[in-house]
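Residue numbers (my numbering): 1 to 183.
The block underneath contains the structure these notes are about, expressed in structure tokens.
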Ligand SMILES: [Zn+2]
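Here's what the structure looks like:
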């Protein structure tokens, strides 16, 4: 199974607002293949040569609903100063979160969003996520901070049909939070 750019649904498609269902564990073969393909898609999208050859838009994450499949699965690959953080999660739940916020200085983007939605998206600076991780092939509790934490929260939002621009302040989109970590 291989995911191409054409498989990705946009926010004009009402399915993007669906709430995704929990996935049965242990994973069925079809779910395993789907999640593996999602992880490959994200990795390939970050490889300049492959991305250009296959017409992929660079991304740090994808959720199954972005393929029109309402299952609680997501893949995230985030290059950071201390290495590459990657996760291929099933049924992820945020079990703790910092009071401190974090946000990307230039705002967020999304494979399913073509229009510009400028503004800061406040998220928790640090989170702990419980899930089954396909990469480690076991149930895990991931502690995430920085860009990795932001990417995870963006993808976990997709599982409840929430898009990044839902979280942008409509009156003052570039509002700041002095306590927040700016990335
Ligand atoms: Zn997205």
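Glycine included, every Cβ here is placed at the ideal spot set by N, Cα and C.
- Nearest Cα to residue 31 within the set 119, 76 and 72: 72.
- Counting along the chain, no beta strand (DSSP E) covers residue 36; the unbroken alpha helix (DSSP H) around it starts and ends at 29-45.
- Ranked by Cα distance from residue 46, the options 154, 104, 61 and 155 are led by 61.
- One thing to note: residue 35 has its Cβ within 7 Å of the Cβ of residue 88.
- Nearest C-alpha to residue 84 among 8, 144, 160 and 177: 144.
- The segment 170-180 makes contact with the segment 120-138; the number of CB pairs closer than 8 Å reaches 3 or more.
- As the crow flies, the alpha-carbon of residue 107 is around 22 Å from that of residue 43.
- Spanning the alpha carbons of residue 162 and residue 156 requires a straight line of approximately 9 Å.
- When the alpha-carbon of residue 64 is set against those of 136, 179, 154 and 129, the nearest one is in 154.
- Judged by DSSP secondary structure, residue 85 falls outside any alpha helix (DSSP H) and instead within the beta strand (DSSP E) spanning 83-97.
- Counting only runs of 3 or more residues that sit fully inside the segment 121-150, the beta strand (DSSP E) segments are 126-133 and 138-145, in chain order.
- Residue pairing from DSSP places residue 71 in a beta bridge opposite 21.
- Non-local C-beta neighbours of residue 100 in its own chain, meaning closer than 8 Å and more than five positions away in sequence, comprise 124, 125, 126, 179, 180 and 181, ordered along the chain.
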